[in-house]
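First up is the structure itself, then whatever we jot down about it.
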């Protein structure tokens, strides 16, 4: 009997170790399921997702392994129709299986809120009071190897105007306006987000950044691009019939290329940029038979130095 007990303990220990290693491996695979990390802030989100996947895999594999073990080694004998032992309850067991989920939920909530604070996403209360809570940095997440580098460098300030249905970006340094968002890599960027009409959502999946834009408010939003390339900005809010057309390219380039682009764009005369929503609306309005949803007229095509 003593040998069987020791065997059972060793079996549980080995199974727990195997489940832990497999869960950790699955959690590491979660990084490959996501877009490339194009901003320093993306590391925070990816680490959180990997943690949640690891924890979820551990719980799933742990429960599944326990069920399989019970089915194989503790099943009733064939033709055994007798009742199982009468068990009234086990206070210790009930306390354990109540305490563990509570601790896990608190752990997840604490870690998630820590990431939320470091990202500095402004929620409804922050927008109402027009300031961040004490101790909250605005979307601060510097690279892990040089934690203070991004803050020490000068900020690139860009004005972002969202309207039905177009993004317009203004660069005060050269007084350049564009429908394509250009950003220098490895430089702290501060966006002044404004909405001309309704609620919009600034969302770049590769940056893991999403910020609601409230009408009649200017929202300062900071982040640090770290990977050169071309990405996509979308409107995460339903801002009207043509909101799906409200997209823009995001170009992350070296600081030298960025400033060269600014100089070239500044030398160009402003012209009307192509606006897909306006084109679709004009085409629908010219049809003799009206169909589809009734919609408001899109804002006029913006005049920009660089239409993209």
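Residue numbers (our numbering): 61 to 368.
C-beta atoms are modelled at their ideal positions from N, C-alpha and C, and glycine is treated no differently.
A quick note: this is a predicted structure, and the numbers were derived from the prediction, not measured.
DSSP assignment within the segment 291-317 yields the following whole beta strand (DSSP E) runs of 3 residues or more, N-terminal first: 307-313. About 11 Å separates the Cβ atoms of residue 282 and residue 247, ruling out a contact at the 8 Å cut-off.
Considering only 242, 268 and 63, the residue with the shortest C-alpha distance to residue 322 is 242. Looking at the DSSP output, residue 261 shares a beta bridge with 272.
Nearest neighbour of residue 255 by Cα position, chosen from 130, 110 and 221, turns out to be 221. A contact between stretches requires three or more CB pairs, one per stretch, nearer than 8 Å, and the segment 127-134 fails this requirement with the segment 313-322. C-alpha of residue 262 to C-alpha of residue 226: approximately 12 Å in a straight line. Secondary structure at residue 361: coil, using DSSP grouped into helix, strand and coil. In the structure shown, residue 289 falls within a strand segment according to DSSP collapsed to helix, strand and coil.
Judged by beta-carbon spacing, residue 342 lies beyond the 8 Å limit of residue 361, meaning their Cβ atoms are not closer than that value. A contact between stretches requires three or more CB pairs, one per stretch, nearer than 8 Å, and the segment 153-162 fails this requirement with the segment 86-93. Sixteen is the threshold: since fewer than 16 other Cβ atoms of the shown chains lie within 10 Å of the Cβ of residue 65, the residue is exposed.
Residue state for residue 251 is assigned as strand, using DSSP reduced to three classes. By the Cβ rule, the segment 289-296 does not count as touching the segment 107-116, because fewer than three pairs are nearer than 8 Å. Note: residue 281 is bridge-paired with 251 in the DSSP secondary-structure output. Ranked by Cα distance from residue 76, the options 101, 123 and 62 are led by 123.
Classified as buried, residue 260 has 16 or more neighbouring CB atoms from the shown chains inside 10 Å of its CB. With a 10 Å radius around the Cβ and a threshold of 16 neighbouring Cβ atoms, residue 244 comes out buried. The C-alpha of residue 286 lies about 25 Å from the C-alpha of residue 235. Between residue 252 and residue 278, the CB-CB gap stays under 8 Å.
Of the candidates 117, 257, 68 and 135, the residue whose Cα lies closest to the Cα of residue 356 is 257.
A check of alpha carbon separations from residue 268 across 93, 92, 71 and 97 identifies 97 as the nearest.
Looking only at 250, 237 and 274, the smallest Cα-Cα distance to residue 329 is reached by 237.
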